[in-house]
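Data block below; observations after.
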Amino acid sequence: MNDTAILTAAERERILAKSALFDPPTAALPDGRRDLVGLSRDELAAEIAAIGEASFRVKQIWHWIYHQGATDFSRMSSIAKPLQQKLAERFVIGRPAVATEQTSVDDTRKWLFRFRDGQEAETVYIPDPEEDRGAVCISSQVGCTLSCRFCHTGTQTLVRNLGAPEIVGQFMAARDSYGEWPSPKGETPRLLSTIVLMGMGEPLYNYANVAKAMRIVMDNEGIGLSRRRITLSTSGVVPMMDRCGAELGVNLAVSLHAVTDDLRDELVPLNRKYPIAEVLAACRRYPSASNARRITFEYIMLKGVNDSEAEARELVRLIAGLPAKVNLIPFNPWPGSKYEPSTKAALDKFARIVNEAGFASPVRTPRGRDILAACGQLRTESRRERAAVSS
Ligand code: SAH
Ligand code: SF4
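Under the numbering used here, residues 150 to 540 are what the sequence shown spells out, in order.
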């Protein structure tokens, strides 16, 4: 290993250790039963072995939980009644509670999910108007440690990480809401077949739980989403980008938003730690940076702040040679926000320059603005206990 690699590895360990301090409480219910959702295959196997059952049951139970979407052991028809009962005495197949559910005029749906300790996070389903499918936008943390100036979540200090059961649970509860599990005839779900980790929080500051959850949803004998159907969005946690690429290989989206370090330092304060050049170098190292699976750069369009033609040209220069596309995101206002969305003329001009340089530059149509479900509008009332006590 060279010096940089050693430093990066040390930094990664530091990030993982710090992140673990924000992990959720363990999953046992007040009655002592344990939730099977969110356990890895090996953990599930250990639970089943601990109650003296044969290992082939693991595959069966996994299939019922993640392929069929069963929440009740009595539905597990391949398992005899006495064992169903034994399982029900010891375990549950949990879901986060739906605190509220809202559907936008454009059919986007947003849930406020409440977890066992009362903390809450939001999840959004964004149907594709042209196809009969869509993406589930999942939160990775309650609040966020970073405080990007344009982001509503960034005004809520980090309360805690979401655990793997809570991350997988958001997706499963969203599927429940649409009845999206295989029908008795065996038809597979289509609507909720893509995951974007673009909700509340910075997924790479909760890497261990996010990775565990994504391995569960990618498992072929369960939900079985391919890594191509998962996109993780990061504000640029460089050491963890390498880890994510090597271990998960999901699609990567990077929130760039500015082309100079001065401006990015202000908009995305994490830039002071990992400046633009380092973020782009990590993108070039990312294993999916091949033509078939481009890296997405997210660029929020803020009127008079980062939306000039010169900035569009500089953006193109910075990402030259990378298999990339640029997602231009019109700024979504929220109560108290200080920015304004770019004009349509500025957006169009910016998009044209990027496009003429050979990069796809779709403008992300804001979805669910009427229910504050659009990018960067998510926020909950959850607070850290300690903060509440001291205030
Ligand atoms: N923390 C991660 C993922 C969650 S944010 C990240 O920052 O990438 C998902 C996307 O929404 C990011 O690109 C973020 O910059 C963008 N976003 C945040 N606030 C926004 C707003 N008010 N309007 C539009 N997009 C916003
Ligand atoms: Fe956190 Fe992403 Fe919002 Fe920045 S944009 S505050 S990293 S959720």
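Think of the CB as a built atom: it goes at the ideal place given N, C-alpha and C, for glycine as much as any other residue.
In the displayed model, P418 falls within a helix according to three-state DSSP. Membership of W260 in any alpha helix (DSSP H) is not indicated; the residue belongs instead to the beta strand (DSSP E) covering R258 to R263. For S384 against L295, the beta-carbon gap comes to about 6 Å, under 8 Å, which counts as contact. Residues of the same chain with a CB within less than 8 Å of the CB of K452, apart from the 5 flanking positions on each side, are F480, Y488, E489, P490, S491, T492 and A495 in chain order.
A buried status is given to Q305, since no fewer than 16 other beta-carbon atoms sit within 10 Å of its beta-carbon.
Of all C-beta pairs linking the region 367–380 to the region 410–418, fewer than three are shorter than 8 Å, placing the two stretches out of contact. In this structure, DSSP gives R183 an extended state, which the three-state scheme calls strand. About 34 Å separates the beta carbon of I520 from that of E458, a gap too long to meet the 8 Å contact definition.
Classified as exposed, P484 has fewer than 16 neighbouring CB atoms from the shown chains inside 10 Å of its CB.
Rounded to the nearest whole angstrom, the C-alpha separation of L178 and E463 is 54 Å. Ranked by Cα distance from V345, the options T175, T529, T380 and R443 are led by T380.
The three-state secondary structure of L353, taken from DSSP, is helix. A direct Cα-Cα distance of roughly 50 Å separates L416 from R224. In terms of CA proximity to T529, G267 leads the group G267, A469, D180 and L397. Residue pairing by DSSP puts Y274 in a beta bridge opposite R258 and V285. Rounded to the nearest angstrom, the gap between the Cα atoms of K208 and E238 is 20 Å. Distance check between A430 and each of P418, V403, S227 and Y448 places V403 closest, using alpha-carbon atoms only. Counting along the chain, I379 sits inside the beta strand (DSSP E) bounded by residues I379 to T383. CA-to-CA, the gap between E396 and T257 works out to about 32 Å. The count of Cβ pairs closer than 8 Å, one atom from the region 281–294 and one from the region 231–249, stays below three, leaving the stretches out of contact. With contacts defined as CB atoms closer than 9 Å, I164 and P388 qualify as a contacting pair.
Residue side-chain check: G243 keeps its Cβ at 8 Å or more from all non-hydrogen atoms of the ligand SAH. If you look at F499, you'll find it in the alpha helix (DSSP H) that goes K493 to E505. Here the distance from the Cβ of C432 to the nearest heavy atom of the ligand SAH is not below 8 Å. Going by beta carbons, M390 and Y354 fall outside the 9 Å limit.
Nearest to P231 by alpha-carbon distance, out of E202, I214 and G243, is E202. A check of alpha carbon separations from R182 across A159, A229 and Q234 identifies Q234 as the nearest. Proximity to S342 across A357, R376, A219 and S189 peaks at R376, based on C-alpha coordinates.
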